[in-house]
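Count along the sequence shown from 1, then add 279; that gives the number in the numbering used here.
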Amino acid sequence: TLTMGTAMIMGRKTFNSLPGLLPGRRHLVLTRDPLWQAAGAERASTVDEAMALAGDDPVTVIGGAEIFSLFLPLAERIELTEVLADVPGDTWMPDPRLNGSWTEVSREDYPEQGDRPAFAFVTLRRT
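Here it is as structure tokens:
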């Protein structure tokens with residue numbers, strides 16, 4: 280559950296893909312473009328700068344793949360949605376459980392329903 284004041288960190292492409300600003304959340308956008316700006320977003324050029332901007336707010340990293348890999352060493356918990364089907368796409372994240380440093384602590388499975396494939400909500404904790 281996201282709480283008011285949550286700092287959502289994302290890349291520029293992820294920010295641009297949103298239908299609009301998500302209410303009650305800070306939008307911190309990590310980008311290499313020093314001139315990039317957007318209403319309602321705060322720009323950062325490094326992980327350290329994004330974390331400094333977040334301050335004491337809880338942080339949620341929402342993508343894309345490069346942003347996930349940059350912040351993974353700082354993460355304590357991963358809230359993962361596993362889509363249990365082969366779905367075309369251009370972005371993916373390697374399973375963090377494969378290196379043994381993450382443990383599954385919670386899982387909710389949902390069956391296929393109509394055109395929606397089966398999926399699971401999974402919580403991982405760093406071991």
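Glycine included, every Cβ here is placed at the ideal spot set by N, Cα and C.
- Within the same chain, and ignoring the five residues on either side of T406 in sequence, the residues whose Cβ sits closer than 8 Å to its Cβ are G379, S380, W381 and T382.
- Taking every protein chain shown into account, the CB of T293 has 16 or more other CB atoms within 10 angstroms, so this residue is buried.
- As computed with DSSP, G342 is found in a beta bridge with M289.
- Here E321 is bridged, per DSSP, to L307.
- Counting the other Cβ atoms within 10 Å of the Cβ of L309 gives 16 or more, which makes it buried.
- Burial of F347 is indicated by the presence of at least 16 other C-beta atoms within 10 angstroms of its C-beta.
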